[in-house]
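Quick note, the working numbering runs 187 ahead of the 1-based positions in the sequence shown.
All C-beta atoms in this analysis are idealised placements derived from N, C-alpha and C, irrespective of residue type, glycine included.
Structure record follows, encoded as structure tokens.
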Amino acid sequence: MKTTRIVIAGGGFAGLYAAMHFDKRLARRADVEVTLISRENFILFTPMLHEVAAGDLYPGDIVNPLRRILRHVKFVDADVQAIDLNARRIRCIASVADRELEFEFDHLLLTLGSETNFFNMNGVRDWSVTMKSLSDAALLRNRMVALLEEASLQSDEAARRQLLTFVTAGGGFSGTETTGAVNDFVRETVRYYPQLSEDLIRVVVVHPGNFILPELGEELGRYAEHKLRERKVEVIKGQRVANYDGVVVTLSDGTSIPAATLIWTAGVNPSPVIAQLPCEKERGRLLVSEYLAVTGVPGLWAAGDCAAVPILDAENFHPPTAQHGIREGVTVAKNIEAMILDRSLKSFRYKMMGQLASIGHHTGVAMVFGIKFSGFIAWWFWRSVYLMKLPRLAKKLRVMASWTLDLFFGQEIEQMITVRDIEALSGQLARIRARTKSGSEETKHERPIALN
Ligand SMILES: Cc1cc2nc3c(=O)[nH]c(=O)nc-3n(C[C@H](O)[C@H](O)[C@H](O)COP(=O)(O)OP(=O)(O)OC[C@H]3O[C@@H](n4cnc5c(N)ncnc54)[C@H](O)[C@@H]3O)c2cc1C
């Protein structure tokens, strides 16, 4: 009996929802093997990421372990390095010992998401912080606490102001929500530092367009700006961050802002693995058909942020959002199943129901079924919708508990990881790596281990 091998690369929204579809159906069959490869063993619920930075939620609240969600799909925690389309193999590196693994596939679904794009600005790349991963959010919160501690020991006022200035580049969803979260956190935490005062804090968002949150339209973008300004956030429009040296942020018009923190949310690129593929692309994303099949390569499929998915009857592409990624993941899994079972494929169609953003201090902005609303109701709606969408009951209950405690007792302001912890952890990992590598010398494989 020939086994059909399906490999999914990337366990985010699109990859996990595709895997969940296979888990219920194809992966139970003896003649089909489904493997999900991802470099984290959890799915990160990005819409709540800024709440971790704000100290409203703990990192563990917004991630779900893939192994607990999937029963029949095999999971491998590895970093995809390269894909050989002719040999139909995918090469990965796994574990602390940098083990090389290879997988053969009949169908390969690419759902590798996107990576931060620094537009070749080396200073920004080296000195800014990003807001894409769980560790980004946890580290940002730690950084804010560490900077408050450092500022409380400084006697020079200019140095204190520089330490307590936070600039965000990009006023899209991620940038605006993060700015609101940072502003809430530092302004509410500073009262525990008697040596400091709130007027030393400066929070700035720099956006190239005429209004922030362009995804929600001008009216809501201007409302969000008004609300952020009421909370003392400076909104600089029509400018870009042009440089950062870790001390001063320089804008495109030459303005300088002394700041110890630049949060970069101003651009993404598809994964470098996608860039290597000799396939047709649209602004770096893999061009797929209405069935989510990569043009010109049989058995290669893509969904989510790394795919350019055409909107039917329009000359445009679906936007890169989690709500699209989830639906594309399910549709592509159904189409791979249909291909294997010799059935007809279905086109991807989806009309977005709405968009919601939380901008701090119990305020939100929303556009649902074309109706725009804002304020506390929008914030409450934001929390309710995303709580429903968060996978697994256990996590929903944890988040509800955290939010309730937060309402009564305020956010937590301790450092979760100190510099000493990071040094200790990297030392431990280096020792484990050295021991594992020397232990495996005798059984060293000439070629990567082929796992299927
Ligand atoms: C801060 C923030 C807030 C957001 N808020 C919202 C929101 O409110 N609503 C909304 O709809 N969207 C939101 N988004 C966008 C949303 O997160 C993305 O559109 C969505 O995650 C795309 O899903 P995906 O499956 O394509 O990619 P991802 O969810 O990014 O998943 C990609 C997966 O592939 C893995 N991976 C990548 N490269 C490799 C490799 N080489 N080897 C192995 N594994 C790899 C990654 O670790 C990840 O698990 C937000 C994004 C951010 C960053």
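- Should G547 be listed as close to ligand 1, given that the test is whether its C-beta is under 7 angstroms from any heavy atom? Position 360 of the sequence shown holds residue 547. No, since every heavy atom of ligand 1 falls outside the 7 angstroms radius drawn around the Cβ of G547.
- Specify, as a first and last residue, the run of the alpha helix (DSSP H) that I513 falls within. Residue 513 sits at position 326 when you count from the first residue of the sequence shown. Run containing I513: A509 to I527, per the alpha helix (DSSP H) assignment.
- Item | Buried versus exposed call for P457 [16 or more other C-beta atoms within 10 Å across all chains shown] | Locating residue 457 in the sequence shown gives position 270, where the first residue counts as 1. P457 is buried by the Cβ-count criterion.
- Message: Taking a contact to mean a Cβ-Cβ separation below 8 angstroms, would you say V435 touches V391 in this structure?
- Response: Locating residue 435 in the sequence shown gives position 248, counting from the first residue. Locating residue 391 in the sequence shown gives position 204, counting from the first residue. Not closer than 8 angstroms, so no.
- Short check: CB of R374 to CB of E385, under 8 angstroms? Locating residue 374 in the sequence shown gives position 187, where the first residue counts as 1. Locating residue 385 in the sequence shown gives position 198, where the first residue counts as 1. Cβ atoms of R374 and E385: closer than 8 angstroms.
- Query: Is there contact between the stretch 521 to 533 and the stretch 207 to 214, where contact requires at least three CB pairs shorter than 8 angstroms?
  - Reply: yes
- Is there at least one non-hydrogen atom of ligand 1 closer than 7 angstroms to the beta-carbon of P457? In the sequence shown, the residue the question calls residue 457 occupies position 270. Not under cutoff, so the answer is no.
- Message: Using a Cβ-Cβ cutoff of less than 8 angstroms, which residues in the same chain neighbour Q268 once the five nearest sequence positions on both sides are dropped?
- Response: As a first step, residue 268 must be located in the sequence shown, where it is residue number 81. Cβ neighbours of Q268 beyond the five flanking positions: R278, C279, I280 and V460.
- Are A338 and L449 closer than 8 angstroms when you measure CB to CB? Taking the first residue of the sequence shown as 1, we reach residue 338 at position 151. Taking the first residue of the sequence shown as 1, we reach residue 449 at position 262. Not a contact, by the Cβ cut-off of 8 angstroms.
- T482 - partner residues in DSSP beta bridges: Position 295 of the sequence shown, counting from 1, holds the residue named residue 482. According to DSSP, which records beta bridges pairwise, T482 is partnered with nothing at all.
- Message: Using the three-state DSSP reduction, which class does T623 fall into: helix, strand or coil?
- Response: Mapped onto the sequence shown, residue 623 falls at position 436. T623: helix per DSSP, three-state reduction.
- Task: Starting from R348, trace the alpha helix (DSSP H) both ways and give me its first and last residue.
- Result: In the sequence shown, residue 348 corresponds to position 161, counting from 1. Residues E344 to L350.
- Item | Close beta carbons around V260, own chain, < 6 angstroms, minus the five adjacent residues each side | In the sequence shown, residue 260 corresponds to position 73, counting from 1. Closer than 6 angstroms at Cβ, skipping near neighbours: A206, F209, D210, A214, V221 and L223.
- Message: Could you check whether the Cβ of S339 sits closer than 7 angstroms to any heavy atom belonging to ligand 1?
- Response: Along the sequence shown, one-based indexing puts residue 339 at 152. No; taking the cut-off as 7 angstroms, the Cβ of S339 has no heavy atom of ligand 1 nearer than that.
- Query: Thinking C-beta only, is A284 closer than 8 angstroms to R620?
  - Reply: Here the question's residue 620 lines up with position 433 in the sequence shown. Here the question's residue 284 lines up with position 97 in the sequence shown. For R620 and A284, yes; Cβs fall inside 8 angstroms.
- Task: Please report how far the alpha carbon of T298 lies from the alpha carbon of D313, in whole angstroms.
- Result: Here residue 298 corresponds to residue number 111 of the sequence shown, with the count starting at 1. Here residue 313 corresponds to residue number 126 of the sequence shown, with the count starting at 1. Whole-angstrom Cα-Cα distance: 27 angstroms.
- Item | Limits of the alpha helix (DSSP H) - the one that T591 falls within | Locating residue 591 in the sequence shown gives position 404, where the first residue counts as 1. First-last of the alpha helix (DSSP H) with T591: L580 to F596.
- Query: Is any heavy atom in ligand 1 found nearer than 7 angstroms to the beta carbon of F200?
  - Reply: In the sequence shown, the residue the question calls residue 200 occupies position 13. Because some heavy atom of ligand 1 lies under 7 angstroms away, the Cβ of F200 counts as near it: yes.
- What is the rounded straight-line gap between the Cα of G197 and the Cα of F290? Residue mapping note: residue 197 aligns to position 10 of the sequence shown, counting from 1. Residue mapping note: residue 290 aligns to position 103 of the sequence shown, counting from 1. Computed Cα separation, rounded: 14 angstroms.
- Task: Check the DSSP bridge columns for T448 and list the partner residues they point to.
- Result: What you label residue 448 is simply residue 261 of the sequence shown in a count that begins at 1. In the DSSP output, where bridge partners are listed per residue, T448 has F353.
- Message: If contacts are defined as beta-carbon pairs under 8 angstroms, then V420 and R328 qualify, I think. What distance do you get, rounded to the angstrom?
- Response: In the sequence shown, counting from the first residue as 1, residue 420 sits at position 233. In the sequence shown, counting from the first residue as 1, residue 328 sits at position 141. Not confirmed; about 18 angstroms, so no contact.
- Item | Cβ-heavy atom distance, P401 to ligand 1, below 7 angstroms | Looking up residue 401 in the sequence shown gives position 214. Checking every heavy atom of ligand 1 against the Cβ of P401, none is found closer than 7 angstroms.
- Grouping DSSP H, G and I as helix and E and B as strand, with all else coil, what is T605? By one-based count along the sequence shown, residue 605 stands at place 418. Three-state DSSP puts T605 in coil, outside helix and strand.
- Among residues of its own chain, excluding the 5 on either side of T630, which ones have a beta-carbon nearer than 6 angstroms to its beta-carbon? Position 443 of the sequence shown, counted from the first residue, corresponds to residue 630. Note that T630 scores a pLDDT of 46, beneath 50, so its modelled location is shaky and nothing firm can be said.
- Assuming A324 contacts M318 (C-beta within less than 8 angstroms), just tell me the rounded distance between them. Locating residue 324 in the sequence shown gives position 137, where the first residue counts as 1. Locating residue 318 in the sequence shown gives position 131, where the first residue counts as 1. 7 angstroms between Cβ atoms; contact.
- Message: Taking only three categories from DSSP, how would you classify Y537?
- Response: Counted from its first residue, the sequence shown places residue 537 at position 350. Three-state DSSP puts Y537 in coil, outside helix and strand.
- Item | Spatial neighbours of Q382 in its chain, beta-carbon cut-off 7 angstroms, leaving aside the 5 residues before and after | Here residue 382 is taken as the residue at index 195 of the sequence shown, counted from 1. Cβ within range, chain order: S339.
- Message: Can you determine whether any heavy atom of ligand 1 sits closer than 7 angstroms to the C-beta of V481, and answer yes or no?
- Response: For this step, residue 481 is matched to residue 294 along the sequence shown. V481: no, Cβ never under 7 angstroms from ligand 1.
- Message: Measuring only from the beta carbon, is P485 closer than 7 angstroms to any heavy atom that is part of ligand 1?
- Response: Taking the sequence shown and counting its residues from 1, the one referred to as residue 485 is at position 298. No.
- 8 angstroms contact criterion, which T352 and A447 should meet: CB distance rounded: By 1-based counting over the sequence shown, the position of residue 352 is 165. By 1-based counting over the sequence shown, the position of residue 447 is 260. Yes, T352 and A447 are in contact; Cβ-Cβ is about 7 angstroms, under 8 angstroms.
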